[in-house]
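**Q** Protein chains in written order, with the working numbering: chain A, 1 to 176; chain B, 1001 to 1653; chain C, 2001 to 2302.
Positions of the beta carbon are idealized from the N, C-alpha and C atoms, including for glycine.
This structure is a prediction, so every number in the text was calculated from the model and none was measured.
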């Protein structure tokens, strides 16, 4: 099956088996280095990419469902200003994911930040119990125990603050 | 697949991709192997190996690819190399392997099999009178500590690329033991060691999964690259296994709850092939020595073979499981005398732990200081008795909580005996450009590497980024061993610091360049291991009354280390080791909104030269504290680790 | 990529309408291997890819716009089969019974829920989800499409008709090539709702169990209660007999009566579904006890 898609800003036309998981496609056909998970759909959570702007487990997406899609992997995301918001949170809190889950956990945090931005939530949104529960559930998706729940929530909060500060600087007004 | 002509593994005009066929059952003979027709794939079997079909690790060896006999489930049988992974995986699926159960345990070709070692015994006795008479007057506390073997699936692929160029064999692989990769590839391919180049890729090893298997995979990839005269990429899931361990312990105490005599029998199965069983015995026996004074003590450690995947090292080599058993025994002794474990420790942690060949004498009373603060913080004095009133009543689980503590000392690195046998080295160069290079055959791009850089720059008063260069030596004359058991963060820093000081002294009288080659292992140490840091930990758990999951609410830990560099980062890493130890013990972390899981971690520095690696100790003590808490919580005395909900359910009416 | 890939690459059909779907099904009569909704469960099966099977035909439902439609009125909501569980939870956060929302939330985290369709959840072969069981409990109706020669018919059935009495998925044995196109969830209120789940249904189905209960309450106790238990790899447990046991439970109930309730239900399970694991037994016991405690609290507050 011919699949045309954009990966990390590059338009590609690939001839792959239609049932090939996106994770395998990215690893083998696009040579994305940040994907080394091999759980084959067992939901280890270490193959997260942004598919059309939303985080997905790439091992659960077949090739026939990514036709004309836009995929962002950690390889290109790590060169963006959005990444800096999260990286700075890691640095300022002195907590960072291990090498094995760094890429996925970072993209998962980005997905949470985008959800907050899209929903245009106020400053207290992160204190909302349901939101926190949701974040905690999502952190558990990644089967790597290098980060406890509190640290993860703190990183999300700090990243969100960094993102808001940057948005204030860029637009001159505060975007809540 | 993208063209790799211009990438770093230069020159090959195309890539081939392969996967491994792994054995599905142990102890079988291969009766026939039928390869698929028209699969466009090339099989690589043991017959394709130009050199020796064997990987040598310390005193043991095992075949790289199974020849006619399968020893353990998961053993590589062949590699299938094809134009893409899909084809090679399908070819593997289409390969028909017929086997029959092996009737007699036969020796495998290609391995100089390491036999089971003799029982290692440590004993002392200061009993002058007739001991047998005394024993009858003493109270006897018997326990069995059982640690199940667990297969650790990292959900990660390890990928190796091998190619040949100008008579040299290149291998790209993530690993923690580059020497072993090089040695094995050379031996298997028939290339001279100097013509094998290992390019290590940064990796993070949670369970030492990057210690042994990468060498095996690299060797197979290299053989495929030679056979097919092209660049070959081979991929395989990365797993490791922890051994099954049984520790039977009997302690005799006098009427004041003071231990008089103790006998310990530990049996560990290390899988189908043994590599350094004596080292396992040494590490284990060191952990079996309890933190209380004894008139007489006998510890025996046996290592057995089994039909499981070999387990050389899985975050530990017996020390952690041994100290876990020692610390769980304290709770059982205290319980026998109706004392709280804290009261018992306060009463009996005094004097010196005896000097043995394995560890120097240790003052025991300072251990009280380590737990004093966390005992207050967690309100242990109130919680322990209030949880104790449950008395194992879990009939309908109205109330099931537990709190457990453990205290112990750490070791890091390998034993003096093994160090002497291996002669691992590193080299420090003071160059004409006034910078320092440290050459060693260990992965430089790692957290440990960064720590070493910082240590050297501090000691030599240099700029860390520009003046200190870590150099992954690729010469066959310098081998620095594996980056396991804290060899890099535990032993190398001390040696490096000593060498830095020597070099500084030399620099006063001589002009650079100056070179100092040093052994990375402390050979002047009178014992097998040095005491490296200490720790106290308290774990609070409850059993969920519906899911039956052992849920950990909080952990309080106080860790005494040597030099602390980057405290925040270190805390984060140690927290991970604690959480990991809990998960490996079967715990889940509390998600209760009012009481989410927390780790209260305090670090103390005792200005010891170099850096301690406390991973083995943390694993063991956290496991012990968790198990102590679970015993109080569930009322089940014979719990094995990991504790699964089904185990707790089995003890229900 | 290799030239050999094409040889085994499954053929994917992407109909835009139900009519096109029916046409494809008729044209490839008997050779359609799977209907692809969210695909989460199929992709998570071991050895899914690469599969040595050849001539595989897949119908991908993602382009059928009708399957995403949502219609609401005061009495019910009709939801297309391709609507994700997450969207159902968002849509129904204030109107759907709490039991359903809890069952959806317990399925997986949001990132996964966004990929799971309600149609896929109902029609997974060999796996019983707690969402499906709660939908049955709530008397959810299901519209099924039955392809006929050059045409198709629509038919509303009770959700339980997709399964046999023990929860085995039987839609395709009853109606050949049928597909679920939408569900109708009745807007209703209960005085008492309870939902609990334990274990990992997909990864470790032999240890997982969930319990859902809805009922009306009055001064006399429970009226018209309904109870369903889910064992992911075995099936559903629900019957009038069990509902009657609950209806006849004098409230507030003490521990002995709770134990009797548990024993009777366990007896029913053993008789109809066969043995369940010890951990499933103790988890079910814990849930029943928790549910009765909650019922007691409700009754005492009336």
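(1) Run through DSSP, which three-state label would residue 1102 of chain B get?
(2) Is there a C-beta anywhere in chain C that falls below 8 Å from the one on residue 143 of chain A?
(3) Helix, strand or coil: which one does DSSP assign to residue 2187 of chain C?
(4) Of all Cβ atoms in chain A, is any one closer than 8 Å to the Cβ of residue 2001 of chain C?
(5) What are the start and end residues of the alpha helix (DSSP H) that includes residue 2032 of chain C?
(6) What does DSSP give as the partner residue(s) for residue 1073 of chain B in the beta ladder?
(7) Taking residue 1320 of chain B as part of the alpha helix (DSSP H), name the residues at either end of that continuous run.
(8) Can residue 1096 of chain B and residue 1028 of chain B be called in contact, C-beta distance under 8 Å?
(9) Quick one: which chain A residues come within Cβ less than 7 Å of residue 1599 of chain B?
(10) Mind checking the stretch 33-58 of chain A against chain B and listing, in chain order, the residues whose C-beta falls within less than 8 Å of any C-beta there?
(11) Shortest alpha-carbon distance to residue 2267 of chain C belongs to which of C:2175, C:2103, C:2281 and C:2015?
(12) Whole angstroms are fine: how far does the CA of residue 2119 of chain C sit from the CA of residue 2080 of chain C?
(13) Against residue 1545 of chain B, what residues of chain C qualify as contacts under a CB-to-CB distance less than 9 Å, listed in chain order?
(14) Using beta-carbon positions only, say whether residue 2131 of chain C and residue 2107 of chain C come within less than 8 Å of one another.
(15) From which residue to which residue does the alpha helix (DSSP H) around residue 1361 of chain B run?
(16) Hey, is residue 2082 of chain C's beta-carbon within less than 8 Å of any beta-carbon in chain A?
(17) Rounded to whole angstroms, what's the CA-CA distance from residue 1261 of chain B to residue 1331 of chain B? Just pull it up for me.
(18) May I have the straight-line CA-CA distance separating residue 1383 of chain B from residue 1295 of chain B, to the nearest angstrom?
(19) Taking only beta-carbon positions, decide if residue 13 of chain A is within less than 8 Å of chain C.
(20) Please confirm if residue 131 of chain A has its CB atom under 8 Å from at least one CB of chain B.
(21) CA-CA distance, residue 1251 of chain B and residue 1122 of chain B?
(22) How many whole angstroms separate the CB atoms of residue 1529 of chain B and residue 1415 of chain B, which I take to be in contact at a CB cut-off of 8 Å?
(23) Quick check on residue 1204 of chain B - is its C-beta less than 8 Å from some C-beta in chain A?
(24) In chain A, what lies closer than 7 Å to residue 2008 of chain C by C-beta?
(25) Which chain A residues sit within Cβ distance under 7 Å of residue 2062 of chain C?
(26) Going along the stretch 2183-2215 of chain C in order, which residues come within less than 8 Å of chain B, judged by CB to CB distance?
(27) If you follow the beta strand (DSSP E) that residue 1539 of chain B is in, where does it begin and where does it stop?
(28) Roughly how many angstroms lie between the CA atoms of residue 1065 of chain B and residue 1046 of chain B, to the nearest whole one?
(29) Tell me which residues share the same chain as residue 1138 of chain B and place their Cβ nearer than 8 Å to its Cβ, disregarding the 5 neighbours each side in the sequence.
(30) Is the Cβ of residue 1019 of chain B closer than 8 Å to any Cβ of chain A?
(31) Apart from the five residues just before and just after residue 1202 of chain B, which ones in its own chain have a Cβ nearer than 6 Å to its Cβ?
(32) So, does the CB of residue 9 of chain A fall closer than 8 Å to a CB anywhere in chain B?
(33) What does residue 1178 of chain B reach in chain A if we use C-beta pairs closer than 8 Å?
(34) Does the stretch 1416-1436 of chain B touch the stretch 1371-1381 of chain B, meaning 3 or more C-beta pairs lie closer than 8 Å?
(35) Does residue 1396 of chain B have its Cβ less than 8 Å from a Cβ in chain A?
(36) So, are the CB atoms of residue 1160 of chain B and residue 1210 of chain B less than 8 Å apart?
**A** Working from what's here:
(1) coil
(2) no
(3) coil
(4) Bear in mind that the predicted position of residue 2001 of chain C carries a pLDDT of just 43, short of 50, making it unreliable; the figure below should be weighed with that in mind. At least one chain A Cβ lies under 8 Å of residue 2001 of chain C.
(5) Premise fails: residue 2032 of chain C lies in the beta strand (DSSP E), 2032-2036, not in any alpha helix (DSSP H).
(6) DSSP, once it has assigned bridges, lists no residue as partnering residue 1073 of chain B.
(7) 1319-1336
(8) no
(9) 148
(10) 36, 37, 38, 39, 42, 44 and 46
(11) C:2281
(12) 8 Å
(13) 2286, 2289 and 2290
(14) yes
(15) Per DSSP, residue 1361 of chain B belongs to no alpha helix (DSSP H) and is neither H nor E.
(16) no
(17) 17 Å
(18) 33 Å
(19) no
(20) no
(21) 16 Å
(22) 6 Å
(23) yes
(24) 17
(25) 65
(26) 2196, 2198, 2199 and 2207
(27) 1534-1543
(28) 5 Å
(29) 1252, 1253, 1254, 1260 and 1261
(30) no
(31) 1445
(32) no
(33) What residue 1178 of chain B touches in chain A: nothing, since even the nearest Cβ is about 17 Å away.
(34) no
(35) With a pLDDT of 43 at residue 1396 of chain B, under the threshold of 50, the predicted position of this residue should be treated as unreliable, though the coordinate-derived value follows. For residue 1396 of chain B, the answer is no, since every Cβ of chain A falls outside 8 Å of its Cβ.
(36) no
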